[in-house]
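Peer 1: Here it is, the structure in full.
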Amino acid sequence: MACVGTDCDRTRRAASVRPANLGSRRILEKIGMTLDHCEEDHKGTLLFLSRTFSTVSA
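To convert, take the position in the sequence shown, counting from 1, and add 15; that gives the numbering used here.
See below:
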């Protein structure tokens with residue numbers, strides 16, 4: 016996964032997904048991904064997603 020903007024720290028990771036179809040969005044919802052923003056280019060729509068990882072104390 017690649018960092019996007021200022022979201023490059025230990026608790027927040029970002030990734031981009033292409034193509035943006037309904038099946039992909041449903042899967043991403045199930046694993047806790049959220050849409051930060053999207054952009055269009057010559058290949059189609061690019062979604063910038065992020066997921067906040069929770070830390071579990073033992």
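All residues carry an ideal CB built from backbone N, CA and C; glycine is no exception.
1) How would you call leucine 37, buried or exposed, if buried means at least 16 neighbouring beta carbons within 10 angstroms?
2) Could you check which residue in Ile42, Arg41, Leu61 has the C-alpha nearest to that of histidine 52?
3) Report the partner residues of arginine 40 according to the DSSP bridge assignment.
Peer 2: Inspection of the coordinates gives the following:
1) exposed
2) Leu61
3) Partner(s): none; arginine 40 has no beta bridge.
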